[in-house]
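For the sequence shown, our numbering assigns the number 11 to the initial residue and increments by one for each residue that follows. Yeah, the Cβ is synthetic: ideal placement off N, Cα and C, and Gly gets one too. See structure below.
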Amino acid sequence: MLDEHRARWRAFKKGMSVAFLGLIIAMIGANTPLMWMGFLIMFTSPFVTKKSLEKELGRVKRQRG
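Next comes the structure, spelled out in structure tokens:
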């Protein structure tokens, strides 16, 4: 149970770091095409979180045997 919670937390942190990176890029490139690229990166963070979560939970299941 604790391992699954840690895996979910790691996946969430990866997704949020991608969202934060997109926000920083969007703020730097205000009113330029770079801003839209930053927004695109921000909006892909849920997919990064989902893929990372699948990977982390698979790792937990392999460790359990």
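First and last residue of the uninterrupted alpha helix (DSSP H) at residue i
i          : result
residue 48 : 43–53
residue 37 : 12–38
Residue environment, residue i, which counts as buried when at least 16 other CB atoms sit within 10 Å
i          : result
residue 34 : exposed
residue 75 : exposed
residue 68 : exposed
Neighbourhood of residue i by C-beta distance below 7 Å, restricted to the same chain and skipping five residues each side
i          : result
residue 22 : 59
residue 45 : 36 and 39
Under 8 Å between C-beta atoms of residue i and residue j
i          : j          : result
residue 26 : residue 55 : yes
residue 29 : residue 47 : no
Contact set for residue i: own chain, Cβ-Cβ below 8 Å, skip 5 residues either direction
i          : result
residue 14 : 67 and 70
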